[in-house]
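To start, the structure under review is shown below, and the notes come after it.
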Amino acid sequence: MNFNKSFYRKVLGTLCIVVSVAVSFTYFITQRFGKNNSVENFDYVNGNYVEFINVGQGDCALIASKGKYCLIDTGTAESYPKIKKELDGKGIKNIDIIIISHFHADHTGSLQGIVNNYNVANLIFPPEYPDTTVSNDVLYAKKECIAEDGEFYVAKTGQRIEIGDFELTVLLQTGDFSEENNRSLCIMAKIFDKKFFFTGDAEMSEESLLLEQGYNIDCDVLKVPHHGGRTSSTQKFLDECKPEYAVISCAAKNQYSHPHKETLKRLKKAKTKIYYTKNKGSVTFVYDNNKLSVITEK
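Going by the numbering used here, the sequence shown runs without a break in its numbering and finishes at 1244.
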């Protein structure tokens, strides 16, 4: 059988296209879901997961379950494009709840942008004190949320919130301290037998109060308090938490030297597997088939 050069060129061209598509798809999967992707065919629309979004030197976590969504903190103002990319990439238009742990700008910075561009059903703030400083952007976001028929609440100790299969409990609405970090809401998010502990910027004083009041803070995943700072995550606190995983949300080469080497030493002593957003990017914990799997952006 006679094959001319034109035929071979067509075959070669087709093979090149197939290889190119395969390589592009592999690159997309690696970039979107990370090199540690251990979950195949996971339903990100109706499934259960917690994503610690890489917002640099700040905090922002997305809790998702059965098409319901909750944000705990909103990072810095500069991190809004990153948060928007994550939300839009998942097709999220409606946010059921936004919870602000405390009023520092690295936890509230993108609140206004989110309220302006997404349908926010509920907004929850920590209690305010006479010396609490709340930025105009945060006050505007609160006003805008209410104007768009959203509900506004002040968190209370013991308050329970449902997000699909997740149950969130406000363990401590605030510590009675003058430092804003120690007024952080502490929230336990439970899905069946797995627990995620969100601690805002709580420092030693608030950690001690949690222990003194006898809260059950045993958890599978700990959002490390105050970006891994030295004045948080005492050994006694970590011994009570007993986390299998810890996530430290911080920027590379940040001015605070977060995470501090003493904090890392204590976490390692607690035999905790540590993930840093500064080098792993966004970190996602998928709950599927009664177990947690970890996916990193990088």
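From the three backbone atoms N, C-alpha and C, an ideal C-beta is built for every residue, glycine too.
Values in this document were obtained by computation on a predicted structure and should not be read as measured data.
- In the DSSP assignment, Ala1135 falls within the unbroken beta strand (DSSP E) covering Cys1132 to Ile1137.
- Across the structure, Leu1017 and Asp1077 are spaced so that their CA atoms are roughly 26 Å apart.
- For Glu1243, the secondary structure class from DSSP, reduced to helix, strand or coil, is coil.
- Annotation for Glu1152: no beta strand (DSSP E) segment contains it, though the alpha helix (DSSP H) segment containing it runs Met1150 to Glu1158.
- Annotation: Tyr1064 is outside any beta strand (DSSP E) and is labelled neither H nor E by DSSP.
- For Thr1103, the closest alpha carbon among the candidates Cys1187, Gln1058, Ile1041 and Ser1047 is that of Ser1047.
- DSSP places Thr1115 in the uninterrupted beta strand (DSSP E) bounded by Phe1112 to Leu1118.
- Excluding five sequence positions before and after Val1229, the CB atoms of its chain that fall closer than 6 Å to its own CB belong to Phe998, Val1193, Tyr1221 and Thr1242, given in chain order.
- Non-local beta-carbon contacts of Lys1039 in its own chain, meaning distances under 7 Å to residues more than five positions away in sequence, involve Tyr1064 and Asn1065 in chain order.
- In the structure shown, the three-state DSSP call for Asp1234 is strand.
- Note on geometry: alpha-carbon atoms of Asp1147 and Arg1176 lie some 12 Å from one another.
- In terms of Cβ geometry, Val1100 and Pro1073 form a close pair [threshold 7 Å].
- Judged by their CB atoms, Cys1132 and Thr1145 are nearer to each other than the 7 Å cut-off.
- When the five nearest sequence neighbours on each side are left out, the beta carbons in the same chain lying within less than 8 Å of the beta carbon of Val991 are those of Gly1013, Lys1036 and Gly1037, in order along the chain.
- If you keep only unbroken alpha helix (DSSP H) runs of at least 4 residues inside the segment 1026-1069, you get 1026-1035, 1051-1054 and 1057-1063.
- Contact check for Thr1218 against Pro1189 passes: the beta carbons are separated by less than 7 Å.
- Taking all protein chains in view, the Cβ of Val1061 is crowded by 16 or more other Cβ atoms within 10 Å, so the residue is classified as buried.
- In this chain, the beta strand (DSSP E) harbouring Phe998 covers Asn994 to Phe998.
- Taking the Cα positions, Phe1183 is about 27 Å away from Lys1199.
- By the criterion of a C-beta distance shorter than 6 Å, Ile1043 is surrounded in its chain by Cys1016 and Asn1068, once the five residues flanking it on both sides are discounted.
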